[in-house]
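Here our numbering is used: the sequence shown runs in plain steps of one and ends on residue 175. Backbone N, C-alpha and C define an ideal beta-carbon position, used for all residues, glycine too. Right, one structure below, let's go through it.
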Amino acid sequence: MLSVTRSILVSAPRERVSEYLRDLSRLSDYEQKVDQCSVTYPDKQTGVAEVTGRYFGLPWKGVFRMEYTQDGGYRSEMLRGPFKRVTGGFQLRSVSGGTLLIHDEHYLLSLPFKFLKPVLRRWLARTMDTELGVIKEGAESLHRRRCLDDIDRDVRIPA
């Protein structure tokens, strides 16, 4: 099993980070291994994403089920794709100054990939750090927009 966990502090409340993450159409914006994403929502707590992209430079496609969690993040599991088993997700924890965002990915590798495990681990850590940076910027931007919307609603200038 190949497991990698990374985290980042986001200067936005947990609700805003959750709002950003739970819009699964943004997956191709932050997920470095995904170029295109099509999402359906079977119910309010679940999303199914069909994705295509590049993994370690190789073209791939897969289908993932994402289940929203109580902390505001989600857990994902690959239903179809190139690996025996892939799980992962995002956890959110409110902390002083914002939200601690924790991202983990776990791969059950077939024999050819097991030999690449050390290289894949480093590559995954770099891609996950990039993903977290994109999510941080997106969630913080969303938070700023929501704050400005609140100010605009509260301050009405007579015409």
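Taking each of Gly149, Leu148, Glu121, Val150 in turn and checking the Cα distance to Leu136, the smallest one comes out for Glu121. Comparing alpha carbon positions, the residue from Asp145, Glu31, Leu37, Pro75 closest to Arg162 is Glu31.
Beta-bridge pairing by DSSP links Thr143 to no other residue. DSSP places Pro75 in the strand class (E or B) of the three-state scheme. The C-alpha of Ser157 is placed about 29 Å away from the C-alpha of Val79.
Looking at the DSSP output, Asp120 bridges to Thr21, Gly105.
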